[in-house]
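2 protein chains.
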Amino acid sequence: MTVTFKDVKADLLDKIAQGIMAPGTLMPNEMDLAERYGCARATVNRAMRELADEGIVERKRKAGTRVRKAPIRQARFSIPIVREEIESKGSEYRYALIDRTLQDVPDWLRGRLALKPGQEVVRVVCMHWADGIPYQHEERWINPEIVPAVLEADFSANGPNEWLLAEVPFSNAEISFMAVEATQDLADHMGCFAGNALFRTERTTWLKETAITFVRLTYRRGHRMTTRY
Amino acid sequence: MTVTFKDVKADLLDKIAQGIMAPGTLMPNEMDLAERYGCARATVNRAMRELADEGIVERKRKAGTRVRKAPIRQARFSIPIVREEIESKGSEYRYALIDRTLQDVPDWLRGRLALKPGQEVVRVVCMHWADGIPYQHEERWINPEIVPAVLEADFSANGPNEWLLAEVPFSNAEISFMAVEATQDLADHMGCFAGNALFRTERTTWLKETAITFVRLTYRRGHRMTTRY
DNA sequence: AAGTGGTCTAGACCACGAC
DNA sequence: TCGTGGTCTAGACCACTTA
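Written out as structure tokens, the structure is:
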């Protein structure tokens, strides 16, 4: 059996985890490792590159590869579509549109989306339920310049999230997580009390350099967002 | 100039973003693309593999590569050390130990850490300030079986986080984000009112299959955790 | 100046899985 | 069955960065 990059990676990881290669240690260069493992340099390169991508080691030309003293601990979150999130738990998904208006972009949002004063945006407010229990409150603003079809879109049956995913192929985004105290209005929708702590995510989505949408997702009381890394 | 995998990747991304390759589209196979771009198949492979890693496309042997209908939107968070987080904002970092005890593992934690009843754990409570303002409250339990040195460790000058990072080289973890209402005790420490909504992360860290530590980090009111993707 | 990683190439073999 | 991606190889050139 030939030595694969996964073999090399696993062995290096093991040596790091066992403390044989302590944080700060300078690792052998690719050529030496290739010889030691009996494989090509490209194989070692792939293994070490992945370790670097994962923040375990740090690579510099000429300086070599070192085990990171303080590994960059990074978590990867997949941002699910709420329908799938609910249905994957075996719950019944329900959706309702609360409000849909065309309005001048509010000042606080103008900066975020880099829009001109007086420009119009579509604001959509809706709710998502799991087994009839409030799950998530969604408040969204959409820039109709990029997605003109939003002016015709009817969000009474399906949420704007799924609609946008189908309409806009690919985008980059900025996302924030925070805790908020429920307003009376939010509390009414979420079936909790005003002032209760709720978990919220805010996301601004861009296509190239122009903002498409800003969304505020507020989850029911006690919601946790979890991941492994 | 030769064609690099970044060139290929950027061009493919562009075609996807422009809708030339719409979601669901079957992309040409690696050999054809290599010929079209005038490069080796390995170059195309690297470009497409990275697109797959980022959740933009989906690859299956024999079936080929498709643009994902619903791209896996995933965010990468780097989990910073509090001290660095604060100092990188140009603020002055301050730390204080609140409590340090050796106690029987509480029932609710036993399951999380997979410990035996009656086993002892070290509990550390401490605070982190930025410019003298409460920034983060830390409550941590450490398994002394894995890190016996914790029994001798004195956390009066430095937080257990940095200490653990130096002691335990590498680990995997599960992390959760949530919103909580401040208890009176928390409120006293954080300089807010009981009931205020606070952002909290909880993290369980493992070395191989054994739990090292469970930590509960509660941030000051209004804190946001932000990332781009 | 010189060593290290970054990448490309051309060819090869193989495993998966759709047909 | 057989096309597609997954990976390895051996060699090469280059860019960065530090000594």
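So the sequences go chain by chain: A and B.
Just so we're aligned, residue 1 is where the first sequence starts under the UniProt record's numbering, counting upward by one.
Just so we're aligned, residue 1 is where the second sequence starts under the UniProt record's numbering, counting upward by one.
Beta carbons are placed, not taken as given, at the ideal position from N, Cα and C, and that holds for glycine.
query, result
"By the 7 Å beta-carbon criterion, what residues does the segment 154-178 of chain A contribute toward chain B?", "L165, P169, F170, N172, A173, E174, I175, S176, F177 and M178"
"For I212(B) versus I133(B), is the C-beta spacing smaller than 9 Å?", "no"
"Can you give the Cα-Cα distance for A63(A) and E145(A), rounded to whole angstroms?", "49 Å"
"The alpha helix (DSSP H) with P160(A) in it runs from where to where?", "P160 to E167"
"Helix, strand or coil for H137(B), going by three-state DSSP, please let me know.", "strand"
"Could you pull out every residue in the same chain whose Cβ sits closer than 6 Å to the Cβ of Y93(A), ignoring the five residues on either side in sequence?", "R83, I86 and E87"
"Using 8 Å as the cut-off, can you tell me whether the segment 171-181 of chain B makes contact with the segment 192-210 of chain A, which would need three or more C-beta pairs spanning the two stretches below that distance?", "yes"
"Can you round the beta-carbon distance between F170(A) and I16(B) to whole angstroms, since I take them to be within the 8 Å contact cut?", "5 Å"
"Using 10 angstroms around the beta-carbon of N161(B), count the other beta-carbons present and answer buried if the total reaches 16, otherwise exposed.", "buried"
"At a CB-CB cut-off below 8 Å, which residues of chain B make contact with M48(A)?", "Simply none; closest approach about 15 Å."
"Mind checking who G64(B) pairs with in its DSSP beta bridge?", "K60(B)"
"Pull up the distance between the alpha-carbon of R73(B) and that of L102(B), whole angstroms please.", "43 Å"
"By the 7 Å beta-carbon criterion, what residues does the segment 57-81 of chain B contribute toward chain A?", "A70, P71, I72, R73, Q74, A75, R76, F77, S78, I79 and I81"
"Listing by chain order, which chain A residues have their CB less than 7 Å from the CB of L26(B)?", "None at all; the shortest Cβ gap to chain A is about 15 Å."
"Mind checking if T2(B) is an interface residue toward chain A, Cβ cutoff 9 Å exclusive?", "no"
"Measuring only between beta-carbons, confirm whether P144(B) sits less than 9 Å from chain A.", "no"
"Residue range of the beta strand (DSSP E) that S78(B) falls in?", "R73 to I79"
"Could you name each continuous beta strand (DSSP E) segment of 3 residues or more that falls completely within the segment 159-224 of chain A, going from the start of the chain to the end?", "172-181, 197-207 and 210-219"
"Can you pull out the residues from the segment 176-199 of chain A whose beta carbon lies closer than 9 Å to at least one beta carbon of chain B?", "S176, F177, M178, A179, V180, E181, A182, G195, N196, A197, L198 and F199"
"Given a cut-off of 9 Å on the beta-carbon distance, is the pair R61(A) and A75(B) in contact?", "no"
"For chain B, is any of its Cβ atoms less than 9 Å away from the one on R228(A)?", "yes"
"Quick check: what's the CA-CA separation for K69(A) versus L51(A)?", "14 Å"
"Spell out a yes or no on whether the segment 96-112 of chain B and the segment 102-112 of chain A are touching, meaning 3 or more CB-CB pairs, one atom from each, closer than 8 Å.", "no"
"Find the nearest neighbour of C126(B) within the set V150(B), R112(B), S156(B) and E120(B), judged by alpha-carbon distance.", "S156(B)"
"Can you tell me where the beta strand (DSSP E) with L97(B) in it begins and where it stops?", "Y93 to D104"
"Where in the UniProt domain \"HTH gntR-type\" (2-70) of chain B do unbroken runs of the alpha helix (DSSP H), each at least 4 residues long, occur, reported from the N-terminal end onward?", "5-17, 30-37 and 41-53"
"Under a Cβ-count criterion, where at least 16 other Cβ atoms within 10 Å of its own Cβ denotes burial, should A149(B) be classed as buried or exposed?", "exposed"
"Of the residues H128(A), N172(A) and E202(A), which one's Cα is nearest the Cα of R220(A)?", "H128(A)"
"Within 9 Å (strictly less), CB to CB, does P23(A) reach chain B?", "yes"
"DSSP on V150(B), reduced to helix/strand/coil?", "helix"
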